[in-house]
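In our numbering, the protein residues as written are 81 to 250.
Glycine residues also receive a C-beta, built at the ideal position from the N, C-alpha and C atoms.
Only a predicted model underlies this, so the values are computations on that prediction, with no experimental measurement involved.
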């Protein structure tokens with residue numbers, strides 16, 4: 081893949097009133113900066129999903145993410161879950177312990193070392209995952225309303241490339 085030239089910072093900047101002669105210092109545009117928009121979207125998605133899942137199922141979105149992680153990767157460790165989800169290990173660990181205390185997950189020490197645990201869903205955790213999944217798909221479909229299948233495929237590819245760039249930046 082050929083390297084593209086750097087983007088102009090002007091694409092992403094705005095002043096207080098938006099005019100080129102505004103004496104205010106330029107700052108990031110809240111409408112034209114993809115990074116700002118992705119951050120805002122992620123924050124709002126997390127907040128709204130937490131509100132919905134808490135009201136309907138008694139768990140927050142972080143715990144839902146761990147239910148998905150253990151369904152996809154039974155026996156995963158905290159480090160694996162953190163790496164795959166991009167969430168810090170402390171938050172993953174707190175969620176897994178909360179799920180364990182609610183009878184939804186169980187841990188097993190690896191090689192007799194209590195610090196190295198593998199995590200799995202209990203039958204109760206598997207049942208809760210099965211209850212939430214249709215609601216999660218319903219929410220996803222509502223959020224993607226008006227997009228064609230091709231647009232969703234393209235959007236997903238852009239997000240995957242964006243995430244790949246995060247891994248290789250800095």
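In this structure, how does DSSP classify residue i when only helix, strand and coil are distinguished?
i	result
residue 184	coil
residue 83	coil
residue 174	helix
residue 110	coil
residue 198	strand
residue 153	coil
residue 210	helix
residue 242	helix
residue 143	helix
residue 225	coil
residue 167	coil
residue 122	helix
residue 103	coil
Whole angstroms are fine: how far does the CA of residue j sit from the CA of residue i?
i	j	result
residue 188	residue 146	16 Å
residue 237	residue 215	24 Å
residue 96	residue 208	48 Å
residue 206	residue 142	16 Å
residue 91	residue 229	29 Å
residue 94	residue 160	40 Å
residue 175	residue 104	44 Å
residue 201	residue 219	23 Å
residue 123	residue 167	13 Å
residue 221	residue 128	15 Å
residue 235	residue 185	33 Å
residue 155	residue 133	24 Å
residue 152	residue 213	13 Å
residue 131	residue 121	15 Å
residue 150	residue 196	16 Å
Excluding the 5 residues flanking residue i on each side, which residues of the same chain have their C-beta closer than 8 Å to its C-beta?
i	result
residue 148	209
residue 102	95, 96
residue 225	none
residue 232	224
In the DSSP assignment, what are the bridge partners of residue i?
i	result
residue 93	108
residue 189	197
If I'm right that residue i touches residue j with Cβ under 8 Å, what's the distance once you round it to whole angstroms?
i	j	result
residue 116	residue 108	6 Å
residue 137	residue 211	7 Å
By Cβ distance below 7 Å, which residues in the same chain neighbour residue i in space, the five residues on each side in sequence not counted?
i	result
residue 180	186, 187
Grab me the residues of residue i's own chain with a C-beta within less than 6 Å of its C-beta, minus the 5 sequence neighbours each way, in chain order.
i	result
residue 158	169, 172, 173
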